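This report concerns only the one structure given below.
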Amino acid sequence: MGAEQIIGGTIGKIGNVFTVSVRMIDVATGEILIVTAYDHIGEIGGLLTKGMKATVTRLMDSINKPTPLEDKQLVKNKSNTMFNDAGKTGTVTDIDGNVYKTVNISGQYWMAENLKVTRFRNGELIDNITSSDVWENLTTSAYCNYLNRIENAIEYGSLYNWYAVNDSRNIAPNGWHVPSDRMWKQLEMFLGMTLSEVNDVGFRGRYVGNRLKDSTSVYWSGSDSYAINRSGFSAIPAGFRWSNGTFFSPVSFNTYFWSSTVHSDYDYAWIRALFSDSSKVYRGIDHKSSGFSVRCVKD
Numbered sequence: 001m002g003a004e005q006i007i008g009g010t011i012g013k014i015g016n017v018f019t020v021s022v023r024m025i026d027v028a029t030g031e032i033l034i035v036t037a038y039d040h041i042g043e044i045g046g047l048l049t050k051g052m053k054a055t056v057t058r059l060m061d062s063i064n065k066p067t068p069l070e071d072k073q074l075v076k077n078k079s080n081t082m083f084n085d086a087g088k089t090g091t092v093t094d095i096d097g098n099v100y101k102t103v104n105i106s107g108q109y110w111m112a113e114n115l116k117v118t119r120f121r122n123g124e125l126i127d128n129i130t131s132s133d134v135w136e137n138l139t140t141s142a143y144c145n146y147l148n149r150i151e152n153a154i155e156y157g158s159l160y161n162w163y164a165v166n167d168s169r170n171i172a173p174n175g176w177h178v179p180s181d182r183m184w185k186q187l188e189m190f191l192g193m194t195l196s197e198v199n200d201v202g203f204r205g206r207y208v209g210n211r212l213k214d215s216t217s218v219y220w221s222g223s224d225s226y227a228i229n230r231s232g233f234s235a236i237p238a239g240f241r242w243s244n245g246t247f248f249s250p251v252s253f254n255t256y257f258w259s260s261t262v263h264s265d266y267d268y269a270w271i272r273a274l275f276s277d278s279s280k281v282y283r284g285i286d287h288k289s290s291g292f293s294v295r296c297v298k299d
């Protein structure tokens, strides 16, 4: 009797971080049923002794306990649906009283709108920096609105430097947090990105970007007519602020999102970006003093 599923894996390396991924594949359909992954910082020997055991353990746990997804685990059944309430919507309210739409994607509840909070979770104000010179030299938490116009926050959300993202006072609503690079990967794989490209730097995942983009034509520039928003993530172009304090224009061309994950070059952190002229998702690093949009994920 032939096997119904097979197990394979890959090992990748970015900077000083090794990642081992193990996947279970349906032999008949070729569908990836389960994916688990483990990150290891240090020598590859530690990855082989700890990482392999951890990923196989997670794989077996996924088979025996089809539970809601965690940060480092992606699980699909044979109908290509999740063992959760994918697609369900809701709301979350920040400390300023702003109400955000939310959507369940890949077993995680994501904000379906960009953050625009002006205070940390403890009530302390986040510095609103309008001066380019001041912004460029900051090593502390700050936010701004696109072109320093408060009305843009209503439409596009606010732009935050990474110091605000990483601040222990928390910019996310209570019970929520800024997603890690790993959580972005989980989201991308659920929407169709392959294991062979999810760890790449640059543009990856044909059509995955379009599945994240808001499909309302008033937002993205006319060069992109394929935004379908299949995920409900509803990404809109929001512009960004360069690390030197200047703003990118026009707003309709792109949007950048922070992750909470710092790069091995400590001055940089991992980001995601969507462009109007690309159907893919850009993964890269950018300086911590840049001003990008923020989406949050439920704890």
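In the working numbering, the protein residues as written are 1 to 299.
Quick reminder that beta carbons are idealized off the backbone N, C-alpha and C, glycines included.
The structure displayed is predicted, hence computed values, not measured ones.
Exercise. Less than 8 angstroms separating the beta-carbons of residue 264 and residue 237?
Worked result: For residue 264 and residue 237, no; Cβs fall outside 8 angstroms.
For this session: Let me know if residue 99 comes out buried or exposed under the rule of 16 or more other beta-carbons within 10 Å of its beta-carbon.
Result: exposed
For this session: Specify whether the region 106 to 116 and the region 198 to 210 touch according to this definition: at least 3 beta carbon pairs, one from each stretch, less than 8 angstroms apart.
Result: no
For this session: Note down the Cα distance separating residue 164 from residue 195, rounded to an integer number of angstroms.
Result: 31 angstroms
Problem set entry | Between the CA atoms of residue 240 and residue 248 - distance to the nearest angstrom | 6 angstroms
For this session: Can you have a look at residue 156 and say buried or exposed, based on whether 16 or more other CB atoms are within 10 angstroms of its CB?
Result: buried
Problem set entry | Backbone CA spacing between residue 223 and residue 254 [nearest angstrom] | Summary for residue 223: the model assigns pLDDT 49, below 50, so the residue's position carries little reliability, and this model does not support an answer.
Exercise. When DSSP labels each residue in this structure, what does residue 286 get in the three-state scheme?
Worked result: strand
Problem set entry | Residues that residue 273 bridges to, as DSSP identifies them | 256 and 282
Problem set entry | Opening and closing residue of the beta strand (DSSP E) in which residue 92 lies | 89 to 93
Exercise. Which ranges does the alpha helix (DSSP H) cover as unbroken runs of at least 4 residues, wholly within the region 125 to 166, from first to last along the chain?
Worked result: 132 to 136, 150 to 156 and 162 to 165
Exercise. Under a three-way DSSP split, which group does residue 223 fall into?
Worked result: The pLDDT assigned to residue 223 is 49, lower than 50, so where the model puts this residue is not dependable; a value taken from the coordinates is nonetheless given after this. Coil.
For this session: Measuring alpha carbon to alpha carbon, tell me which of 121, 122 and 138 ends up nearest residue 128.
Result: 138
Exercise. By a C-beta neighbour count over all protein chains shown, 10 Å radius and 16 as the cutoff for buried, is residue 213 buried or exposed?
Worked result: buried
Problem set entry | Three-state secondary structure assigned by DSSP to residue 208 | helix
Exercise. Do you know offhand how far residue 250's Cα is from residue 45's?
Worked result: 48 angstroms
Problem set entry | Span of the beta strand (DSSP E), counted from its first residue to its last, around residue 103 | Looking at the DSSP string, the run of the beta strand (DSSP E) that includes residue 103 is 99 to 105.
For this session: Figure out for me which residue from 180, 187, 173 and 227 has the closest Cα to the Cα of residue 269.
Result: 180
For this session: Report back the beta-carbon spacing between residue 282 and residue 203 to the nearest angstrom; my notes put them in contact at under 8 angstroms.
Result: 5 angstroms
For this session: Would you give the residue range spanned by the beta strand (DSSP E) that residue 111 belongs to?
Result: 108 to 111
Exercise. Between which two residues does the alpha helix (DSSP H) harbouring residue 193 extend?
Worked result: Premise fails: residue 193 is in no alpha helix (DSSP H) and is neither H nor E.
Problem set entry | Distance, residue 273 Cα to residue 189 Cα | Each residue's CA atom was taken as its position, placing residue 189 and residue 273 some 16 angstroms apart.
Problem set entry | Residue burial classification, residue 169 (beta-carbon count within 10 angstroms, cutoff 16) | exposed
Exercise. Which word fits residue 231, buried or exposed, when buried means at least 16 other C-beta atoms lie within 10 angstroms of its C-beta?
Worked result: buried
Exercise. Since residue 119 sits in a beta bridge, which residues does DSSP pair it with?
Worked result: 125
Exercise. Taking all protein chains shown into account, do 16 or more other C-beta atoms lie within 10 angstroms of the C-beta of residue 307, making it buried, or fewer, making it exposed?
Worked result: Shown here, the chain extends from 1 to 299; a query on residue 307 therefore has no answer.
Problem set entry | Residues near residue 135 in its chain [Cβ-Cβ closer than 6 angstroms; skip 5 each side] | 129 and 245
Exercise. Using DSSP with H/G/I as helix, E/B as strand and the rest coil, what is residue 45?
Worked result: helix
Exercise. Cα-Cα, which of 125, 286, 96 and 158 is closest to residue 260?
Worked result: 286
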